[in-house]
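Each residue of the sequence shown is one higher than the one before, starting from 1 at the first, in UniProt numbering.
Working notes for the structure below.
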Amino acid sequence: MTRSLQRDRLTRYGFVAAFIALTLLTGLISACKSAATRPSDAQTDLVYVGTQNSEIRALRFDTSTGKLSAIGRVAQGPKATWVAAHPRLPVLYAVDDDSAREGNVTAYAVHRASGALTKMNVVLAGGSGTTNLWLDMSATTLLAANFGGGSVSSIAVNSDGSLGSRVSTIKETGSGPNRRQASAHAHSAVVDPSGRYVLVPDLGADRVFIYRFDLATHALMTGDDAGLHPFVVPPGSGPRHIAFGPDGTLAYLLTELSAEVMVLRWDATNARLTLVQSLPVSNAAFQGVKSGAEIAISQDGRFVYVENRGENELVVYRVNPESGMLSLIQRASSGGDKPWGFAIHPSGKWLLVANQRSGKVNVFSIDRTTGMVSDTGESVDMPTPVSVAFVE
């Protein structure tokens with residue numbers, strides 16, 4: 001073979017190799033650009049929405065941009081108005097809020113890639129109209145508030161997130177002057193920061209009942225047995241939800257019927273609540289039906305967020321670091337009609353509102369310096385959304 005022919009072949013090989021290298025490099029750059037513009041798994045969370053339409057809807061939420069996109073219906077069946085997520089496992093819990101029969105709680109395994117739910121098991125809740133769920137800090141006990149039955153139950157949670165047996169159910173009595181207060185109606189239940197007590201705001205009885213809680217056995221003991229006494233609110237107030245500040249000494253109670261926020265000092269040694277302040281949620285000029293819906297506290301304890309269902313508002317308060325008392329800093333439209341529930345993202349940057357009557361879940365950003373919220377314009381339509389839960 002002549003040297004000239006060898007040079008020609010080497011030249012051709014060089015061109016081919018260069019072309020292949022250029023093609024591979026172009027593809028790599030394109031892939032990198034695509035990856036940069038596509039939300040990564042670490043940037044997106046699953047969002048589950050309980051509805052009054054006998055279904056659970058799933059959404060995907062981009063935590064870097066606030067973009068919300070629909071996955072669709074992932075469970076069909078009972079009246080799953082309230083959903084709650086396990087804090088460490090891909091497990092979702094949902095109530096059956098049927099006032100005509102005994103309610104139940106369903107545990108679902110979450111498929112992170114698709115958002116699909118697989119039923120794990122179902123446990124009867126011990127009362128009708130199961131309306132609210134709460135996991136203790138260890139996520140080994142699930143509390144179920146039965147609005148129709150006027151009771152609260154404790155349910156063991158297994159290591160895989162499935163539900164164990166129902167351990168205890170406590171039924172209360174009581175009434176108030178409002179037509180919705182003919183009997184006791186437990187609206188929610190929370191474990192106090194010490195992990196030794198459960199507090200139950202009861203809309204019908206105008207009380208926050210206090211029970212002793214045994215973490216090891218998952219059992220609740222009544223106030224009479226444990227020497228505990230309920231916190232009594234003015235007649236017709238209708239306690240709905242309660243949230244503790246991060247230091248565990250202050251609790252914030254939202255009433256539904258009178259639409260008030262009550263700042264309460266919590267004495268965990270004696271299991272006693274003391275009133276510090278009471279503020280109306282509604283505007284002074286409002287003449288319609290008052291209705292408080294949801295309450296939450298920022299992770300740093302500096303701000304309190306309240307849903308004013310009567311006026312389709314989110315109301316933001318600043319917490320005085322010394323007294324715990326609240327001062328109003330913002331009223332913002334909820335972005336829809338009849339806001340029923342909301343959830344603050346674990347990052348503290350986002351707040352998602354379930355506007356029940358207008359059929360929308362709306363995204364708000366939170367300025368963590370000022371505490372104020374801003375409507376991002378992001379929303380997803382769905383029938384009768386009422387509660388929101390994040391699965392990271």
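Cβ coordinates follow ideal geometry from the N, Cα and C atoms, glycine included.
Quick one: what does DSSP say residue i is sitting in, helix, strand or coil?
i, result
"Q52", "coil"
"Q181", "coil"
"E102", "strand"
"residue 419", "The requested residue 419 is not part of the displayed model; the chain covers only 1 to 392."
"E311", "helix"
"Q43", "helix"
"P87", "coil"
"A116", "coil"
"V289", "coil"
"V232", "strand"
"V281", "coil"
"D202", "strand"
"F364", "strand"
"D62", "strand"
"N132", "strand"
"T370", "coil"
"T169", "strand"
"A21", "Since pLDDT at A21 reaches only 45, below the 50 mark, its modelled position is unreliable, and the value read off the structure follows with that caveat. If DSSP states are grouped into helix, strand and coil, A21 belongs with the helices."
"S379", "strand"
"H218", "coil"
"N146", "strand"
Cutting at 6 Å between CB atoms, please list the residues of its own chain near residue i, excluding the five before and the five after it.
i, result
"M1", "Low confidence applies here, because M1 scores a pLDDT of 47, under 50, leaving its location unreliable and the question unanswered by this model."
"V110", "P90, L92 and V391"
"G161", "H86, L89 and V91"
"S278", "E260 and M262"
"G149", "G127 and S128"
"S153", "A125, G126, A144, R166 and T169"
"F244", "P193 and A251"
"T376", "G66, V363 and S365"
"V123", "V105, I155, L163 and R166"
Please determine, among the options, the residue with the shortest C-alpha to C-alpha distance to residue i.
i, options, result
"G115", "P239, Q277 and Y48", "Y48"
"D337", "V281, E311, A125 and I155", "E311"
"A144", "N178, G129 and S138", "G129"
"M120", "L163, M137, S327 and T384", "L163"
"L314", "P383, A354 and V276", "A354"
"D136", "M325, T118, A189 and L46", "A189"
"A389", "M325, D206 and I344", "I344"
"V95", "V152, A125, D45 and M221", "A125"
"N158", "D247, L228, R196 and A107", "A107"
"Q52", "A70, A80, Q43 and Q76", "A80"
"P280", "P321, P246 and L254", "L254"
"S365", "Y305, E322 and W340", "Y305"
"Q299", "S347, Q181 and G377", "S347"
"G77", "D98, I71 and G292", "D98"
"G174", "W350, P235 and D381", "P235"
"G176", "S151, S69, T370 and G204", "G204"
"I297", "H241, A332, W340 and I155", "H241"
"L68", "D45, F286 and V74", "D45"
"T118", "S138, W134, P385 and V74", "V74"
Tell me which residues share the same chain as residue i and place their Cβ nearer than 7 Å to its Cβ, disregarding the 5 neighbours each side in the sequence.
i, result
"F209", "E172, V200, D202, G223 and P230"
"M372", "V316, I329 and Q330"
"M325", "V263, V276 and Q277"
"P383", "T51, N53 and G359"
"I71", "A58, L59, R60 and G115"
Which word fits residue i, buried or exposed, when buried means at least 16 other C-beta atoms lie within 10 angstroms of its C-beta?
i, result
"S237", "buried"
"L352", "buried"
"N283", "exposed"
"N308", "buried"
"N270", "exposed"
"A113", "exposed"
"Q43", "exposed"
"K33", "The predicted model places K33 with a pLDDT of 40, which falls under 50 and marks its position as unreliable; any figure quoted below should be read in that light. Counting Cβ neighbours within 10 Å, K33 comes out exposed, since fewer than 16 surround it."
"residue 394", "With the chain covering only 1 through 392, there is no way to say anything about residue 394."
"E378", "buried"
"P246", "exposed"
In chain order, what residues of the same chain have a beta carbon less than 8 Å from the beta carbon of residue i, not counting five sequence neighbours either side?
i, result
"G288", "G310 and E311"
"Y197", "V191, I210, Y211, R212, F213, L228, A268 and A271"
* **Segment contact, 8 Å Cβ cut-off, at least three pairs: the region 59–71 with the region 102–109** => no
* May I ask you to verify whether the region 253–261 touches the region 210–217, counting CB pairs closer than 8 Å and requiring at least 3? => no
* Asked: Is the region 332–347 in contact with the region 357–373, if contact means three or more CB pairs nearer than 8 Å?
  -> yes
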